[in-house]
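Have a look at the structure below before the remarks.
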DNA sequence: CATATAATTGACGTATACGTCAAGAGTCCT
DNA sequence: AGGACTCTTGACGTATACGTCAATTATATG
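If you want it as structure tokens, here you go:
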């Protein structure tokens with residue numbers, strides 16, 4: 001059941017290098033078990049690494065991602081810490097929602113540019129391009 | 001009408017340092033006019049810099065942002081280039097929409113963590129916290 | 001058992017994005 | 001004219017996030 005991975009196996013799966021995984025470990029982001037001196041990654045580490053990579057895609061630093069991960073495995077029995085957790089989660093959400101506003105604004109502008117370009121192509125060249133329905137938001 | 005800025009003025013307005021603005025110039029992202037040897041920023045440069053900073057907030061490198069900016073001032077009379085433009089705009093949109101998916105997934109998880117935390121606080125402690133309506137998406 | 005294979009820990013190198021002096025040079029004020 | 005500012009261009013320093021050897025070491029296989 002509990003699938004185990006070597007560094008290079010997991011790195012392969014995640015599309016990164018073994019070096020990256022070891023680096024994240026030195027930064028305290030993951031703590032794989034050891035079999036002798038070899039690293040052994042479990043499902044849990046894989047999940048954490050998925051979160052790390054997503055954080056990176058969102059433009060956060062490894063340090064920020066580290067704080068981030070703490071939110072996922074905070075001890076729910078420490079009432080005092082749950083308060084702190086809550087505020088940090090909310091701060092994150094605020095930041096992320098601001099980021100989404102940036103993102104949506106940018107997407108809107110790109111759509112505008114796209115339509116301008118299509119207009120300038122003299123009508124709708126449906127043979128090679130089609131305008132996206134753009135029904136999101 | 002056309003407001004002009006010195007480096008430090010504009011930097012102040014944008015919440016960055018003059019050094020950053022000069023750095024962006026060496027990278028070809030902005031090309032302020034000169035009055036003698038002093039830099040003079042216009043409304044146009046201010047707009048570009050706003051785009052640059054937004055790109056940074058979204059986690060893009062200055063090089064990516066540079067390519068990005070080209071999309072905004074491409075020559076619409078060069079049909080061939082408009083084709084290229086279209087594809088690049090669409091590639092950007094694809095990347096950004098993937099990023100938004102990451103973002104929304106993360107926000108959803110944070111909301112879940114937030115609610116768990118609230119539950120663990122033993123009911124709804126409305127005196128110090130209130131649960132967000134969370135009516136998005 | 002000898003060797004090929006894969007992993008380990010340093011140590012050093014690199015690209016990005018600036019920060020931080022340093023040494024002029026132009027501008028304004030009295 | 002002499003400061004006091006502000007700007008200018010280097011030049012060097014720094015933090016982040018790894019890449020790239022190098023020298024071992026452990027494991028597997030013929």
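Chains as they are written, first to last, in this note's numbering: chain E, 1 to 137; chain D, 1 to 137.
Beta carbons are placed, not taken as given, at the ideal position from N, Cα and C, and that holds for glycine.
Just the C-alpha distance for residue i and residue j, rounded to the nearest angstrom, thanks.
i: residue 127(D); j: residue 27(D); result: The predicted position of residue 127(D) is uncertain, since its pLDDT is 49 and thus under 50; no value can be drawn from it.
i: residue 83(E); j: residue 117(D); result: 8 Å
i: residue 66(E); j: residue 12(D); result: 31 Å
i: residue 56(D); j: residue 62(D); result: 7 Å
i: residue 113(E); j: residue 103(E); result: 15 Å
i: residue 95(E); j: residue 88(E); result: 11 Å
i: residue 70(D); j: residue 33(D); result: 19 Å
i: residue 7(D); j: residue 98(E); result: 27 Å
i: residue 122(D); j: residue 86(E); result: 14 Å
i: residue 109(D); j: residue 115(D); result: 10 Å
i: residue 25(E); j: residue 4(D); result: 49 Å
i: residue 101(E); j: residue 29(E); result: 29 Å
i: residue 36(E); j: residue 72(E); result: 29 Å
i: residue 90(E); j: residue 81(E); result: 14 Å
i: residue 53(D); j: residue 111(D); result: 28 Å
Starting from the C-beta of residue i, find all residues in its chain whose C-beta is less than 8 Å away, skip the five residues before and the five after it, and write them out in chain order.
i: residue 10(D); result: 21, 41, 45, 46, 49
i: residue 68(D); result: 51, 55, 60, 92
i: residue 64(D); result: 55
i: residue 58(D); result: 96, 99
i: residue 43(E); result: 2, 3
i: residue 23(D); result: none
Quick one: grab the DSSP three-state call for residue i.
i: residue 38(E); result: strand
i: residue 83(E); result: helix
i: residue 33(E); result: strand
Quick check on the burial criterion: 16 or more other C-beta atoms within 10 angstroms. Buried or exposed for residue i?
i: residue 15(D); result: exposed
i: residue 60(E); result: buried
i: residue 106(E); result: buried
i: residue 31(E); result: exposed
i: residue 19(E); result: exposed
i: residue 38(E); result: exposed
i: residue 132(E); result: Confidence is the limiting factor: at residue 132(E) the pLDDT is only 45, short of 50, which leaves the residue's position unreliable, though a coordinate-based value still follows. When all chains shown are included, residue 132(E) counts as exposed.
If I measure Cβ to Cβ from residue i and keep anything under 6 Å in the same chain, skipping five residues before and after, which residues do I get?
i: residue 17(D); result: 11
Less than 7 Å between C-beta atoms, sequence neighbours within five positions excluded: which residues of the same chain meet that for residue i?
i: residue 119(D); result: none
- [ ] Check whether the segment 75-84 of chain E touches the segment 66-86 of chain D, taking contact to mean three or more Cβ pairs, one atom from each stretch, closer than 8 Å.
- [x] The answer is no - the segment 66-86 of chain D does not touch the segment 75-84 of chain E, with fewer than three Cβ pairs under 8 Å.
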